[in-house]
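Protein chains in written order, with the working numbering: chain V, 911 to 1245; chain C, 911 to 1245; chain D, 1041 to 1388; chain F, 1041 to 1388.
Beneath this line is the structure, given in structure tokens, with notes to follow.
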Amino acid sequence: MEMDRDTLLKLYKTMITIRNFEERGIPETGQRRMSASVHSSAGQEAVATGVCSQLTDEDYMGSTHRGHGHCIAKGVEPRVMMAELFGRATGSNKGKGGSMHIADMSKGMLGTNGVVGASIPLAVGAALTSKVKKLGRVAVAFFGDGGANQGILHESMNLASIWKLPVVFVCENNGYAMSTPAEYALSTAQVSDRAAGYDMPGLHIDGMDVFAVCDAAGEAVARARAGDGPSLLEFETYRYYGHTVFDDPLTYRSKEEEDHWRARDPIQHFRNTVLPLGDITAEELDQMDQEAVDMMEEAVKFADESPLPEEIELYDDVYVSYPAAELKRGTNMGI
Amino acid sequence: MEMDRDTLLKLYKTMITIRNFEERGIPETGQRRMSASVHSSAGQEAVATGVCSQLTDEDYMGSTHRGHGHCIAKGVEPRVMMAELFGRATGSNKGKGGSMHIADMSKGMLGTNGVVGASIPLAVGAALTSKVKKLGRVAVAFFGDGGANQGILHESMNLASIWKLPVVFVCENNGYAMSTPAEYALSTAQVSDRAAGYDMPGLHIDGMDVFAVCDAAGEAVARARAGDGPSLLEFETYRYYGHTVFDDPLTYRSKEEEDHWRARDPIQHFRNTVLPLGDITAEELDQMDQEAVDMMEEAVKFADESPLPEEIELYDDVYVSYPAAELKRGTNMGI
Amino acid sequence: MTTTASLATSGTREIQFREAVNECLRQEMALDDSVIIMGEEIAGGAGREDQGVVDAWGGPFRTTVGLIQEFGRDRVLDTPLSEAAFIGAAIGASSTGLRAVAELMFIDFIGVCMDQLVNNAAKMRYMFGGQVKVPFTMMTRIGAGFGAAAQHSESYYSIFSHFPGLKGVVPSDAYTAKGLLAAAIRDDDPVVFFEHKGLYGEKGPVPEESYVLPIGKARTVRAGTDITLVGISKMTWVCTAAAEELAKSGIDAEVIDLLSVSPIDYDHVIDSVKRTHRLVVVDEDTPICSLAGDICSRVAEEAFDYLDAPPSRVTAPHTPVPYSRVLENNYVPNEARVISTVEKLFNR
Amino acid sequence: MTTTASLATSGTREIQFREAVNECLRQEMALDDSVIIMGEEIAGGAGREDQGVVDAWGGPFRTTVGLIQEFGRDRVLDTPLSEAAFIGAAIGASSTGLRAVAELMFIDFIGVCMDQLVNNAAKMRYMFGGQVKVPFTMMTRIGAGFGAAAQHSESYYSIFSHFPGLKGVVPSDAYTAKGLLAAAIRDDDPVVFFEHKGLYGEKGPVPEESYVLPIGKARTVRAGTDITLVGISKMTWVCTAAAEELAKSGIDAEVIDLLSVSPIDYDHVIDSVKRTHRLVVVDEDTPICSLAGDICSRVAEEAFDYLDAPPSRVTAPHTPVPYSRVLENNYVPNEARVISTVEKLFNR
Ligand SMILES: Cc1ncc(C[n+]2csc(CCOP(=O)(O)OP(=O)(O)O)c2C)c(N)n1
Ligand SMILES: Cc1ncc(C[n+]2csc(CCOP(=O)(O)OP(=O)(O)O)c2C)c(N)n1
Ligand SMILES: [Mg+2]
Ligand SMILES: [Mg+2]
């Protein structure tokens, strides 16, 4: 693992940006009573950060309901994400999608997705675009240990494999699907074991170690870009909060378990690894921490001060073209 | 492989019954212009026969669009099957289902099925019934090399594995899904390779050798019955005709390939294996061959002489209970 | 303003919709060993051997709380995130001697498992010439209004009216929830039970003993003479609220609570319209090929000569469900829209 | 009896419906490099490297014959039996710069892949605040009458009318097949193209050059003054045949060919009914929450004062499709049923 200073700092910055977005943005969204369907990826920062660090802006990525980290790591601006969570017109999706649908096509970010597994074939399709148009782009499909049991993953891995598409399948195994333990729901000890059935490499990696993530993702991305087909990477990780921040995870997991994982915090792990090397100082990182706090302060302010969508936007962007009157025909809408 | 005379003769009888049903029943159905959706399993007799020989009448089985062999091997009467193909009221399904939906619940035969992969979870559910009610029954789920790529197989294997259900997943790999070669559509050399991802045994077996089939199925069924969970068996086999008998398979496969497989004919293989042992004579088997021919003659006659369903049966058995008038309310039906 | 006898008698204790569902499941499972229930999170973590039988959540909306403690792992099954397989398995189990109840967490996800419902549950009996019964129940959730956006807010019941072979019920309160769920579980056909997320906390009188309400029967929740309002699930209460308002301006509306989406109790609606001569159907689903449209079309066909105004509907627009509250507020039909629609019918 | 200008001019060469589909695909692929096509059997075995690019079948109904020879493996892709994944991939490809056409062999199988259509294709643009176009086309097949039983004979187009975000077209002949398929492929929204199995062999005049027919526009195929008959896909010709018969008894029926299931050209139908004062919709799908019912309900609502008789429908019954021909013959609407329905409306 050879990395220059800038690369290291960028990884750190991405991780703390995600952490701060989750720690600040989710409670703020909750206070504004926007939605209960907001999922924190705090604890999982190393996976999103490490994987996306291996991608360019042109590369594609399909995400999940727990996708804030993926978005930030792929380059989506936190303030437009915050505005989206707050349901504002300035949001990434103009307030139409919310946390579970954040997208930024200009960054190859094909959307977080509210249906578990549903974004996987979208990434496969984006990889197909890359192949057919010879764009040299790679597509990443994120999913969880729960998503690993959806049939569409199996179909998508088979399809990507026979067409040798540039896809990296990334399982974030955080041990639970809502309250259901992965070890109960998964018939295999490791999701990565399934790769063999699809003729692709399958790796099981520590997802709390951003350097290990970078390494594994770097290889899989290179393989994909070289035209050698897909890979399946499984990262062991942990979400610090409940499924949403509104449930109490201690009803289905232990304090000891949480402590065990928090002790392996990916941001702390970064500091513990990098600081002893001397090239980067604690003060620098502390300074960045403060900047991330400030960034969220600003993002919340930006979002709060942003206008709400006009009521009439209810009818916008259902289609590219459709007779406007048909969207409300005979429904006796007030607007 | 130890088998007594009766067991051997039963295997032979089942295989030739299937062969004769396919060779006679399908063209007869075609002549009567009943349907183009009739699929011959000629060539694949050893799989249906061997697998079902390990089951009791109480055990369950879910089948495919190419399911005549499975039905016969599970004990469904050829004449009611023939009547079903001819659309007669005496058919196994009263003429309501046809070739792709033959069922006999009294034999645990949960139906041939027109949607590829769709019967797999039905077998899993039957196994669940057996487990919950402690019936000691086993369920077999048949599917093809094409069906192996449906997501529902993956989900079903995972489910059966974590619940340790008494299921045997049986892939009849006949090399093609319609005209698409398995080696193109399957990312893995062997479907059985996928078993490892679901913590179950996966075996790849010669499906033209009924004795090999019996052995493998026997073990998997015993394992299931003992409460040790599911297995995945893949049998290499071949269909002699096209996808239906109306397409020309030589547009997508070679005469040499067909000859190669026909030379491994499962019925001939049985004779070649058993006759040298001396216990069973060619005359006996020839005599049985003639009986199978006669049986189909009788079956065709039975079917032809059977009444058609009454027109009004269109409305029967949609539900167990439903206001009758609602089935045709305001549709201005003639009947 | 009267309510029909089909409403629970007053004097009974009041419980929440969610509690009524839970109580029904408990009673049905106690009554009949062949009833099992499966779904994601229904025991919530209790599936893990090493923690013993601990009920973490009791379902995402606590409707299945306590079941695993009472009935054990064999009959209360947490499932992996594999709707096609476990709903298919529930159908297979139901066709071989169990009465399986399976939960699809939100109706929005129906597209991952619809084949099992439509091609197996709905058709097996018919295709097999009557050989099999499929006493399968699918419990699922509908309803917008919670900032849950386009993939967690739908009310796709119309497709369950459309497909022959399926039945469907849409309870509107705790009383009908308990009685219709019992009916669904005991019914020998596949039934989909739609719970509206906006009703879980609503309390109402519910008898303690188990009881069954008939599938396919609507009920009149407010008698009236001037117009018939038909509500589906939570929309029933939008109709009654609108009716109270309309009463002030002298329009006496009859409100019918549909309760079933298959069979649809057209006769109940038509009888009412024959007396009131006007109809508005209020449906939270989108308008085209909707249940609202279907009921309007039947009334137009069968009560044509009785109608004094066009049979009309108040529905969601032909759009996905937007996230931002300011947009979503207009999406779901409300009293104001019902009232203005009714008024238009009287002022034509 | 006249036909409108939207019918192909006579004098053009006649080709089959199936050939028109094929010709359109060829032309669209030649015109636009970003058009690709994928599906089961569409090249048929040609996917296998060791046999070279050999077109075995050209699709189960030969609509894609020759494409792989002309456009190669990269743009003409045989798929595994994995509808959810390849239709999802086609949607993903269509949202990133391709115009992907994917074939679902029969509409009956929609339940294995519906989530991708409903939650991705239909909603992405809206959920993403207009950031993306999804110029995706799904080709699929409908229609009973072939002894293919309950899982291969359905006409489930109504659910595509129901879901916002999707468009759908139902060509009725070779001319409309070519023009509507071109329109579907060039359209920037997801469009489902429904081919009726019973029309493949039908010949009709089709211009050789490529052309586009508007999505969302119905056409009048027979002008008339006494009643409006609306046909969907093959049912259009059941309507025209019935109209010829009715003419003998002095009833002059106007026949409208719907052509699109979303947007639905209600205005075209309503304009006609305002002149004829009577309506019968003929739909091969089942009746409840159907397209037929939907059109009747809209007409009842918007042309109420013009109607001299109840807006009516002739549809399949609320049953699965039976196998035996003697049963299936009654399932599909036929001329006799249309005629008797019309006569009833004149003799009330
Ligand atoms: C098809 C589908 N089924 C169920 C749900 C409800 N649901 C949302 S997230 C979730 C758990 C997902 O677990 P996992 O894939 O491990 O992701 P994590 O939440 O752990 O990040 C469930 C069951 C859904 N959104 N989609
Ligand atoms: C879900 C679904 N997709 C497509 C089809 C059309 N179809 C019927 S059989 C078949 C090929 C099946 O191949 P395989 O599973 O190998 O079985 P085989 O025909 O070889 O016995 C296809 C594509 C279908 N019936 N169901
Ligand atoms: Mg997880
Ligand atoms: Mg095959």
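Beta carbons are placed, not taken as given, at the ideal position from N, Cα and C, and that holds for glycine.
message: Give me the subset of the stretch 1056-1071 of chain C whose CB atoms are less than 7 Å from a CB atom of chain F, sorted by chain position.
response: For the stretch 1056-1071 of chain C, the set of positions with a beta-carbon nearer than 7 Å to some beta-carbon of chain F reads G1056, G1057, N1059, Q1060, G1061 in chain order.
- request: Compile a chain-ordered list of the residues in the stretch 962-988 of chain C whose CB is closer than 8 Å to at least one CB of chain F.
  value: Within the stretch 962-988 of chain C, no residue has a Cβ that lies closer than 8 Å to any Cβ of chain F.
query: C/V1026: beta carbon under 8 Å from a heavy atom of ligand 2?
result: For this step, residue 1026 of chain C is matched to residue 116 along the second sequence. For ligand 2, at least one heavy atom lies less than 8 Å from the Cβ of C/V1026.
query: Around the Cβ of C/K1238, are there at least 16 other Cβ atoms within 10 angstroms (buried) or fewer (exposed)?
result: Position 328 of the second sequence, counted from the first residue, corresponds to residue 1238 of chain C. The residue in question, C/K1238, is buried, as its Cβ has 16 or more Cβ neighbours within 10 Å.
message: Using 9 Å as the threshold, is the C-beta distance between V/L1224 and D/Y1196 below it?
response: Here residue 1224 of chain V corresponds to residue number 314 of the first sequence, with the count starting at 1. Here residue 1196 of chain D corresponds to residue number 156 of the third sequence, with the count starting at 1. Not a contact, by the Cβ cut-off of 9 Å.
task: Please report how far the alpha carbon of C/V1026 lies from the alpha carbon of C/T1154, in whole angstroms.
output: Position 116 of the second sequence holds residue 1026 of chain C. Position 244 of the second sequence holds residue 1154 of chain C. When rounded, the distance between both Cα atoms is 15 Å.
- prompt: Any contact of the stretch 1073-1082 of chain D with the stretch 1009-1026 of chain C, i.e. 3+ C-beta pairs under 8 Å?
  reply: With a cut-off of 8 Å, the stretch 1009-1026 of chain C and the stretch 1073-1082 of chain D do not count as touching, because too few Cβ pairs lie within range.
query: From the DSSP output, which residues share a beta bridge with D/D1118?
result: Here residue 1118 of chain D is taken as the residue at index 78 of the third sequence, counted from 1. D/G1079.
message: Strictly closer than 6 Å from CB to any heavy atom of ligand 3: give me those residues in the order they appear in the chain.
response: The filter returns V/G1054, V/D1055, V/G1056, V/N1084, V/Y1086, V/A1087, in chain order.
message: Cβ closer than 7 Å: which chain C residues qualify as neighbours of V/A1202?
response: Counted from its first residue, the first sequence places residue 1202 of chain V at position 292. Here the premise fails: no neighbours, minimum Cβ distance about 40 Å.
task: Would you give the residue range spanned by the alpha helix (DSSP H) that F/N1370 belongs to?
output: For the purposes of this step, residue 1370 of chain F is identified with residue 330 of the fourth sequence, where counting begins at 1. Looking at the DSSP string, the run of the alpha helix (DSSP H) that includes F/N1370 is 1365-1371.
query: Roughly how many whole angstroms lie between the Cα atoms of C/Y1232 and D/P1303?
result: Translated into positions along the second sequence, residue 1232 of chain C becomes position 322. Translated into positions along the third sequence, residue 1303 of chain D becomes position 263. Looking at the two C-alpha atoms, the distance is approximately 7 Å.
- request: With 9 Å as the threshold, decide whether the Cβ of V/M1088 is near any Cβ in chain C.
  value: For this step, residue 1088 of chain V is matched to residue 178 along the first sequence. Not one chain C Cβ lies under 9 Å of V/M1088.
Outcome for F/N1387 when other beta-carbon atoms lying within 10 angstroms are tallied against a minimum of 16: Residue 1387 of chain F sits at position 347 when you count from the first residue of the fourth sequence. Burial state of F/N1387 is exposed, judged by a 10 Å Cβ sphere holding fewer than 16 other Cβ atoms.
- prompt: Can you name the residues that DSSP bridges to D/M1154?
  reply: Here residue 1154 of chain D refers to the residue found at position 114 of the third sequence. Looking at the DSSP assignment, D/M1154 forms no beta bridge with any residue, so it has no partner.
message: Residues of chain F with CB closer than 7 Å to the CB of D/H1236, please, in chain order.
response: What you label residue 1236 of chain D is simply residue 196 of the third sequence in a count that begins at 1. None at all; the shortest Cβ gap to chain F is about 19 Å.
beta-carbon C/R1104 near ligand 2 non-hydrogen atom, thresh 8 Å: By one-based count along the second sequence, residue 1104 of chain C stands at place 194. No; taking the cut-off as 8 Å, the Cβ of C/R1104 has no heavy atom of ligand 2 nearer than that.
message: For F/L1107 and C/G1137, I'd like the C-alpha separation in whole angstroms.
response: Here residue 1107 of chain F refers to the residue found at position 67 of the fourth sequence. Here residue 1137 of chain C refers to the residue found at position 227 of the second sequence. If you take the alpha carbons of F/L1107 and C/G1137, they lie about 52 Å apart.
query: Which same chain residues, not among the five before or five after V/V1230, have their C-beta less than 6 Å away from its C-beta?
result: Against the first sequence, residue 1230 of chain V aligns to sequence position 320. Here V/V1230 has no same chain residue with a Cβ atom under 6 Å from its own Cβ, once five neighbours each way along the sequence are excluded.
- prompt: Is F/V1152 near ligand 2, in the sense that its beta carbon is under 8 Å from a heavy atom of that ligand?
  reply: Within the fourth sequence, the letter at position 112 stands for residue 1152 of chain F. Flag set: Cβ of F/V1152 near ligand 2.
query: Quick one: which chain D residues come within Cβ less than 7 Å of C/D1227?
result: Taking the second sequence and counting its residues from 1, one reaches residue 1227 of chain C at position 317. Within chain D, the C-beta atoms nearer than 7 Å to that of C/D1227 come from R1165, Y1166, G1169, G1170, in chain order.
message: Taking beta-carbon pairs under 7 Å, can you tell me which members of the stretch 1359-1374 of chain D lie near chain F?
response: Within the stretch 1359-1374 of chain D, the residues whose Cβ lies closer than 7 Å to some Cβ of chain F are T1359, P1360, listed in chain order.
message: Counting C-beta neighbours from all protein chains within 10 Å, is the total for D/R1315 16 or more, i.e. buried, or is it exposed?
response: In the third sequence, the residue the question calls residue 1315 of chain D occupies position 275. With fewer than 16 other Cβ atoms from the protein chains shown falling within 10 Å of its own Cβ, D/R1315 counts as exposed.
- prompt: Considering only residues of the same chain and omitting the five flanking positions on each side of V/D1109, which have a CB-CB separation below 7 Å?
  reply: For the purposes of this step, residue 1109 of chain V is taken as the residue at position 199 of the first sequence. Apart from the 5 residues on each side of it in sequence, V/D1109 sits with its Cβ closer than 7 Å to the Cβ of S1071 in its chain, given in chain order.
query: Which residues in the same chain have their Cβ closer than 7 Å to the Cβ of F/L1121, if we skip the five residues on either side of it in sequence?
result: Here residue 1121 of chain F refers to the residue found at position 81 when the fourth sequence is read from its first residue. For F/L1121, where only same-chain residues beyond five positions count, the Cβ hits under 7 Å are E1080.
field: chain F contact residues for C/L1218, given Cβ-Cβ distances below 7 Å
entry: Counted from its first residue, the second sequence places residue 1218 of chain C at position 308. Under the 7 Å cutoff, chain F gives S1364, V1366.
task: Alpha carbon to alpha carbon, how far is V/D967 from V/A1132? Give it in angstroms, no decimals.
output: Taking the first residue of the first sequence as 1, we reach residue 1132 of chain V at position 222. Taking the first residue of the first sequence as 1, we reach residue 967 of chain V at position 57. The alpha-carbon separation between V/A1132 and V/D967 amounts to approximately 15 Å.
message: DSSP three-state label for D/E1110, please.
response: Here residue 1110 of chain D corresponds to residue number 70 of the third sequence, with the count starting at 1. Helix, per DSSP.
query: Is it true that the stretch 1056-1070 of chain F meets the stretch 1241-1250 of chain F, where meeting means three or more beta-carbon pairs spaced less than 8 Å apart?
result: Using a C-beta cut-off of 8 Å, the stretch 1056-1070 of chain F makes contact with the stretch 1241-1250 of chain F, since at least three inter-stretch Cβ pairs fall below that distance.
message: Taking the alpha carbon of C/A1049 as the reference point, which residue from C/V961, C/R989, C/M1198, C/E1208 has its own alpha carbon closest?
response: Start at 1 with the first residue of the second sequence, and residue 1049 of chain C comes out as number 139. Residue C/V961 holds the alpha-carbon nearest to the alpha-carbon of C/A1049 among C/V961, C/R989, C/M1198, C/E1208.
- prompt: Is C/Q954 helix, strand or coil when you go by DSSP?
  reply: For this step, residue 954 of chain C is matched to residue 44 along the second sequence. It is coil, neither helix nor strand.
- prompt: Are the C-beta atoms of C/Y1150 and some chain D residue less than 9 Å apart?
  reply: The count along the second sequence starts at 1 and reaches residue 1150 of chain C at position 240. Between C/Y1150 and chain D, the shortest Cβ-Cβ separation is not below 9 Å.
query: Taking buried to mean at least 16 other C-beta atoms within 10 Å of its own C-beta, is D/I1077 buried or exposed?
result: Within the third sequence, numbered from 1, the residue matching residue 1077 of chain D stands at position 37. It is buried - the Cβ of D/I1077 has at least 16 other Cβ atoms within 10 Å.
task: Mark F/A1376 as exposed unless 16 or more other C-beta atoms lie within 10 angstroms of its C-beta, in which case mark it buried.
output: What you label residue 1376 of chain F is simply residue 336 of the fourth sequence in a count that begins at 1. That one is exposed.
message: At a cut-off of 8 Å, would you count C/M971 as near ligand 6, judging by its Cβ distance to the nearest heavy atom?
response: In terms of ligand content, the structure shown lacks ligand 6 and carries ligand 1, ligand 2, ligand 3 and ligand 4 instead.
message: Can you tell me which residues form a DSSP beta bridge with D/H1236?
response: Within the third sequence, numbered from 1, the residue matching residue 1236 of chain D stands at position 196. Under DSSP, the beta-bridge partners assigned to D/H1236 are D/I1182.
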